[in-house]
Each structure stands twice: as C-alpha cells, then as structure tokens.
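Using my numbering, you'd call the opening residue of the sequence shown number 175 and step up by one each time.
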Amino acid sequence: MSHGGHPLSLISCLTAQDTRDVKEIFPQAANALAEQLQVLLDDIPVRAVKLGLLGTVEIVQTVASALRRYRPEIVVLDPVLSAGGGKPLADDLLIQALREELLPLTTVLTPNRLEAQRLTGQTQTDACAEELLQSGCKAVLITGGDEPTPLIYNTLYHNGGRKTFTWERLPHGAHGSGCTLASALTALLARGLPLEEAARKAQQYTWNAIKHGFKLGHGQSLPRRWFWS
C-alpha cells in the first residue's frame with residue numbers, strides 16, 4: 175500500500191519464526207489455496223502478483239495453474255529457498271517445479287546470489303542470470319545483500335542487457351528485506367512504471383525502510399515500511 179496498490183494476501187505456508195530465524199514452516203493444503211485463488215480472482219481484477227515462499231510442489235503447481243487461467247499482466251517471483259539463518263525451505267523437487275512451472279510465467283525473478291546459484295547450479299552471477307532467462311522469465315534482478323562487500327550491488331538483467339545498482343551497506347540487516355523489495359517492485363510495475371525505474375525505486379524504498387528499521391526482538395531489525403510518516 176506504500177506504493178498505491180491494494181494487496182490481496184493468500185497464505186501458502188504458516189511459519190514459526192522470530193526475528194532471528196524461521197524455525198519451521200507448515201505448507202497449506204493445495205486444494206484450499208486453489209479455492210482461495212479462485213474465489214478472489216473471480217471477484218477482483220488483479221494486474222500484478224507477487225510470489226514468495228511456496229513450500230511444496232503441489233502449491234507451485236496450483237499457483238501456476240491459476241496464473242495460466244487468469245493471466246495477470248505482471249508476476250514477480252521472490253524464490254524463498256532458505257531462511258536467513260540457513261534453514262532450507264525448498265528441496266530439489268521444489269526447485270525443479272519452480273523452474274518448470276513458474277519461471278516461464280514470471281515477469282521478474284528476484285533471487286539473491288545464493289538463490290540464483292541453487293536455481294541454476296551455476297556459480298557466476300552472469301551465468302546464473304543467463305540460464306534463468308533461458309528458463310522463460312522475462313527479467314532477473316539478482317541482489318547482493320548477502321555478499322561480504324562494503325557496497326551492495328544488485329544487477330538487473332533484461333532484454334539482453336544488464337544494469338547494476340549500487341547501494342551503501344547499512345550496519346544492520348533486516349528481517350524481510352527480500353519480501354519488501356519484491357512487493358514494492360510488484361506494486362510499482364502494477365502502476366505502470368518502466369522496469370528499470372520500478373527496480374530502482376523499489377530498491378531505494380527498501381534501503382530506506384531498512385535504514386529506518388526498528389528492533390523488537392533479539393535478532394534482526396524489521397523494515398520500517400512507513401518510514402516517511
């Protein structure tokens with residue numbers, strides 16, 4: 175809503191998590207998710223969809239089926255494959271399903287470097303992006319927040335070109351930074367912004383939300399998504 179969109183949230187997985195880590199995930203029944211998707215999408219026109227943690231192959235297939243049926247203009251996929259503390263949230267079968275079922279339907283994929291490597295088996299960032307684009311998604315934004323560098327480099331690959339965005343590394347991380355970025359990007363694209371402008375503004379928004387973040391627990395800060403208020 176920070177960017178003028180109205181979200182319709184569907185829960186693919188319940189989680190047991192705190193500011194330190196995701197302890198456990200509880201994927202929802204695929205048929206229940208399918209019913210929720212049908213009820214909402216039959217009622218409300220949706221221009222853009224943002225996907226995050228999906229949990230099971232069956233959920234991936236259910237979401238892909240809904241995307242093929244309703245054909246939203248924009249699909250942003252944040253491939254959540256592991257928790258910030260390192261707990262795996264996707265096995266090889268789920269990764270294969272993401273590649274085969276969802277990448278061909280994806281407008282922008284937003285993996286971090288490690289997620290891009292897991293999705294492709296490649297080690298070099300450019301090679302990861304090339305393989306992901308060949309899998310069918312139209313654009314890839316690979317983020318570098320997990321790299322041990324003084325600056326953060328996020329690279330957008332699209333239409334045979336690449337654009338690198340450079341950001342000052344803040345002294346603290348944030349729980350939910352990848353979700354914040356992907357959600358902001360989805361809303362900005364839904365408003366009609368060109369991809370590169372939407373990517374830049376989504377990153378700027380996320381950086382500021384992290385900069386003005388706040389601590390509630392013993393782990394990471396939380397992004398202050400209404401930082402200007």
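No residue lacks a Cβ here, since even glycine has one placed at the ideal position from N, Cα and C.
Since we're looking at a predicted model, the values are computed, not measured.
Out of ASP217, GLU232, ALA190, which one is the CA nearest neighbour of ALA206? Within the sequence shown, numbered from 1, the residue matching residue 206 stands at position 32. Nearest to ALA206 by C-alpha distance, out of ASP217, GLU232, ALA190, is GLU232.
If we ignore side chains and look at the alpha-carbon of each, how far apart do GLU275 and ILE326 end up? To locate residue 275, count along the sequence shown from 1; it is residue 101. To locate residue 326, count along the sequence shown from 1; it is residue 152. ILE326 has its alpha-carbon roughly 31 Å from the corresponding atom of GLU275.
Within this structure, are the beta carbons of LYS224 and ALA356 separated by less than 8 Å? For this step, residue 224 is matched to residue 50 along the sequence shown. For this step, residue 356 is matched to residue 182 along the sequence shown. Contact: yes.
C-alpha distance - HIS346 paired with CYS302, whole-angstrom precision: Position 172 of the sequence shown holds residue 346. Position 128 of the sequence shown holds residue 302. HIS346 and CYS302 have their C-alpha atoms some 27 Å from each other.
Between which two residues does the alpha helix (DSSP H) containing TRP400 stretch? By 1-based counting over the sequence shown, the position of residue 400 is 226. Counting along the chain, TRP400 falls outside any alpha helix (DSSP H), and DSSP gives it neither H nor E.
Taking all protein chains shown into account, decide if GLN377 is buried (16 or more other Cβ within 10 angstroms of its Cβ) or exposed. On the sequence shown, position 203 is the one that residue 377 refers to. Under this definition GLN377 is a buried residue.
Using only the alpha-carbon positions, how far apart do GLU247 and GLN212 sit? For the purposes of this step, residue 247 is identified with residue 73 of the sequence shown, where counting begins at 1. For the purposes of this step, residue 212 is identified with residue 38 of the sequence shown, where counting begins at 1. When the Cα atoms are used, GLU247 and GLN212 turn out to be separated by approximately 17 Å.
Chain-order list of residues whose beta-carbon lies under 6 Å from that of TRP341 (same chain, five-residue window excluded): Sequence index remark: in the sequence shown, residue 341 carries index 167 (1-based). Setting aside the 5 residues that flank it on each side, TRP341 is surrounded in the same chain by ILE326, TRP381, each with a C-beta closer than 6 Å to its C-beta; the list follows chain order.
Starting from the Cα of ALA404, find the closest Cα among LEU288, GLN298, LEU279 and give me that residue. Because the chain here runs from 175 to 403, residue 404 falls outside it and cannot be looked at.
Below 8 Å on the Cβ atoms is my guess for ASP252 versus GLY352; work out the distance and round it to an integer in Å. Translated into positions along the sequence shown, residue 252 becomes position 78. Translated into positions along the sequence shown, residue 352 becomes position 178. Indeed, because the Cβ distance is near 6 Å, the residues count as touching under 8 Å.
Identify the residues that DSSP records as bridge partners of SER395: which are they? Within the sequence shown, the letter at position 221 stands for residue 395. In DSSP, SER395 forms a bridge with ALA348.
Burial state of GLY178 (16 or more Cβ within 10 Å): Sequence index remark: in the sequence shown, residue 178 carries index 4 (1-based). Counting C-beta atoms within 10 angstroms of its own C-beta, GLY178 has fewer than 16 neighbours from the protein chains shown and is therefore classed as exposed.
Helix, strand or coil, according to DSSP, for LEU357 in the structure here? Along the sequence shown, read from residue 1 onward, the residue named residue 357 stands at position 183. It is worth fixing the name first, because residue 357 is Ser in this sequence and not Leu. The answer is helix: DSSP assigns SER357 an H, G or I state.
Work out the CA separation of ILE269 and ARG292 for me, nearest whole Å. Here the question's residue 292 lines up with position 118 in the sequence shown. Here the question's residue 269 lines up with position 95 in the sequence shown. So the alpha carbons of these two residues sit roughly 8 Å apart.
Alpha carbons only, please: which of LEU367, GLY229, GLY318, ALA238 is nearest the one belonging to LYS261? As a working mapping, residue 261 is identified with position 87 in the sequence shown. The shortest C-alpha separation from LYS261 is found at GLY229.
Can you pull the DSSP bridge partners for PRO201? Locating residue 201 in the sequence shown gives position 27, counting from the first residue. CYS187, per the DSSP bridge assignment.
Excluding sequence positions up to five away, which residues of its chain have a Cβ less than 8 Å from the Cβ of ALA271? Here residue 271 refers to the residue found at position 97 when the sequence shown is read from its first residue. Result list for ALA271: VAL231, VAL234, GLN235, in chain order.
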